[in-house]
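The structure under discussion appears below in the form of structure tokens.
Numbering (this note's numbering), first residue to last: 2 to 327.
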């Protein structure tokens, strides 16, 4: 259980933490005659840091003890066998092909949803709680992270990916109104009710890693790139069939739904423009977007990309049809 501290000398009693906490751990009360925020249900805290970000006086801290982190890690013993050498070689080849032909700055990310009772991959857990989208950003930079529910800081993402139940304020849509992200409670309820999700408690942990170093068979590969690079990936998928693609995009719950869950459940690649959460809580650049690709689609996509790389990509990047200066 994390420890939540409120600096009452700075707290103004504005109630922002009360309004924004998805699990209602705060209440307004009195401390030496001053109206302040009090922590009344610390045992329910998710350590999502929403209160920290919304407090106008920076009066709130959320702290996880070293003992708690060690106890959490001890619950997950390593049981999974290492990947066969042939499989590891294939993922490294895919990563090399994607980076070289597209000119990606970052590694593609292998995503594995570890189901209940599945063998647990050999991977480190983060020292601090992270949002799922934050873990993707770390994986593109070379980090491998295993995150059971206790390591996740976003109750929205954990519910969508099947790690936990949904807190009442999120289920009702109330949080969307507090953040002023939707026009009405009716719209917020519809957003929550209609978004796809996995069955509650069906997922034990999420695993993210650079594709070339993943310790487990990925369910989805995420590519974080510029629109032009995502365009070539989309064209790669159409190279043999000539079929156009249909994408599901909303700007809400982007990485958990659009980049991960939809490719996982539909077994079709999908693009994402990002969302409020991932852009507010990670270092993702304004110029970047996302694509989630189910592993089963990767061989055909890689072959299409290689063929496009023989001529079309180079011609386009050289702007061969740009009118000359006269």
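Glycine included, every Cβ here is placed at the ideal spot set by N, Cα and C.
- Sequence-distant partners of residue 159 (beyond 5 residues in either direction) whose C-beta falls short of 7 Å from its own C-beta, in its chain, are 150, 153 and 165.
- For residue 135, the number of other beta carbons within 10 angstroms of its own is at least 16, and it is reported as buried.
- The stretch 263-319 is shown to contain whole beta strand (DSSP E) runs of 3 or more residues at 271-273 and 290-295, in chain order.
- Residue 170 and residue 212 have their C-alpha atoms roughly 36 Å apart.
- The Cβ-Cβ distance between residue 162 and residue 204 falls below 8 Å.
- For residue 4, the closest alpha carbon among the candidates 11, 45 and 126 is that of 45.
- In this model, residue 259 and residue 277 are separated by some 13 Å (Cα to Cα).
- The beta carbon of residue 80 is closer than 8 Å to those of 120 and 121 in its chain, skipping five residues each way along the sequence.
- Residue 7 is positioned such that its CB atom lies no closer than 8 Å to that of residue 48.
- Taking C-beta atoms under 8 Å as the contact rule, residue 317 and residue 290 fail to qualify, at a distance of about 18 Å.
- Nearest C-alpha to residue 248 among 240, 231, 242 and 241: 231.
- Exclusion of the five residues before and after residue 93 leaves 213 as the residues of its chain whose Cβ lies within less than 7 Å of its Cβ.
- 173 is the residue among 206, 23, 293 and 173 whose C-alpha sits nearest the C-alpha of residue 190.
- Listed in chain order, the alpha helix (DSSP H) runs fully inside the stretch 215-272 are 228-239 and 263-267, counting runs of at least 4 residues.
- In this structure, DSSP gives residue 27 an extended state, which the three-state scheme calls strand.
- Excluding its 5 nearest sequence neighbours in each direction, residue 36 has C-beta neighbours in its own chain below 7 Å: 14 and 29, listed in chain order.
- Per DSSP, residue 105 lies in no beta strand (DSSP E) segment and is marked neither H nor E.
- Under DSSP, residue 43 takes part in no beta bridge, so it has no partner.
- Between the alpha carbons of residue 188 and residue 89 lies a distance of about 45 Å.
- For residue 17, same chain residues with a beta-carbon under 8 Å away, outside a window of 5 residues either side, are 52, 55, 56 and 57 in chain order.
- DSSP, reduced to helix, strand and coil, places residue 32 within a strand of the structure shown.
- Under the three-state reduction of DSSP, residue 204 is assigned to strand.
- Pairing residue 34 with residue 41, the inter-Cα distance amounts to about 18 Å.
- Sixteen is the threshold: since fewer than 16 other Cβ atoms of the shown chains lie within 10 Å of the Cβ of residue 239, the residue is exposed.
- Annotated three-state conformation of residue 321 is coil, per DSSP.
- Counting C-beta pairs with one atom in each stretch, the stretch 121-132 and the stretch 100-108 have fewer than three that are closer than 8 Å, which means they do not touch.
- With contacts defined by Cβ atoms closer than 8 Å, residue 148 and residue 206 form a contacting pair.
- For residue 9, the secondary structure class from DSSP, reduced to helix, strand or coil, is coil.
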